[in-house]
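S.K.: One rule links them: number in my numbering = place in the first sequence (from 1) + 81.
Before I ask anything, here is the structure I am working with.
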Amino acid sequence: MPTSFEDRVYAALKKVPRGRVTTYKILAGQVGCCSARAVGQALKRNPFAPRVPCHRVIASDLRIGGFGGRCSGPQIRRKRALLASEGVLFSKGVLADPARVFRFFP
DNA sequence: CACCGATGTCCAA
DNA sequence: TTGGACATCGGTG
Numbered sequence: 082m083p084t085s086f087e088d089r090v091y092a093a094l095k096k097v098p099r100g101r102v103t104t105y106k107i108l109a110g111q112v113g114c115c116s117a118r119a120v121g122q123a124l125k126r127n128p129f130a131p132r133v134p135c136h137r138v139i140a141s142d143l144r145i146g147g148f149g150g151r152c153s154g155p156q157i158r159r160k161r162a163l164l165a166s167e168g169v170l171f172s173k174g175v176l177a178d179p180a181r182v183f184r185f186f187p
């Protein structure tokens, strides 16, 4: 069962519209903490997967980051495909269009 | 370019 | 209650 921290992470993640992506740092700031690592753990646990679009979360460097518990592998390929299906294209593991990053504070 | 510490949370013993 | 782990970030050499 999700903790209050995870609940905030998922709530903020659900606010991300389709076709947009967010970063661990931004998500962490939304949930009220400065540790992106904590968010990563919450997403890894992701009890609501795939109901929660955890694939819309990337690293602050606009890199795909990790997925499925690793930085590369079949899961990462799936992540990139899902994002591409939503209009978010990646190039060499880096977000091709940084403008696709959704910020909670416009 | 590469390495290390910092940061917040979760899990297991 | 204590220690280790994590899908990271940022600064420094």
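Don't be surprised by glycine CBs; every beta carbon is placed ideally from N, CA and C.
So for leucine 176, helix, strand or coil by DSSP?
M.R.: Per DSSP, reduced to three states, the secondary structure at leucine 176 is strand.
S.K.: Starting from proline 155, trace the alpha helix (DSSP H) in both directions and tell me its first and last residue.
M.R.: 155-166
S.K.: Between which two residues does the alpha helix (DSSP H) containing phenylalanine 86 stretch?
M.R.: 85-95
S.K.: Could you work out which residue in Met82, Gly113, Lys173 and Tyr91 is closest to arginine 137 when comparing CA atoms only?
M.R.: Of the listed residues, the one whose Cα sits closest to arginine 137 is Tyr91.
S.K.: Am I right that cysteine 135 and leucine 124 are in contact with their C-beta atoms under 8 Å? What's the rounded C-beta distance?
M.R.: With a Cβ gap of about 5 Å, cysteine 135 and leucine 124 count as contacting.
S.K.: What residues match up with phenylalanine 171 in a beta bridge as DSSP calls it?
M.R.: The partner list for phenylalanine 171 (beta bridge, DSSP) reads Leu176.
S.K.: How long is the line joining the alpha carbons of valine 102 and proline 83, rounded to whole angstroms?
M.R.: 22 Å
S.K.: For the alpha helix (DSSP H) holding leucine 124, just list the boundary residues, first then last.
M.R.: 117-126
S.K.: Are valine 112 and valine 120 close, meaning C-beta to C-beta below 8 Å?
M.R.: yes
S.K.: Taking DSSP as the reference, what is the three-state secondary structure of arginine 151?
M.R.: In the three-state reduction of the DSSP assignment, arginine 151 falls in the strand class, which pools E and B.
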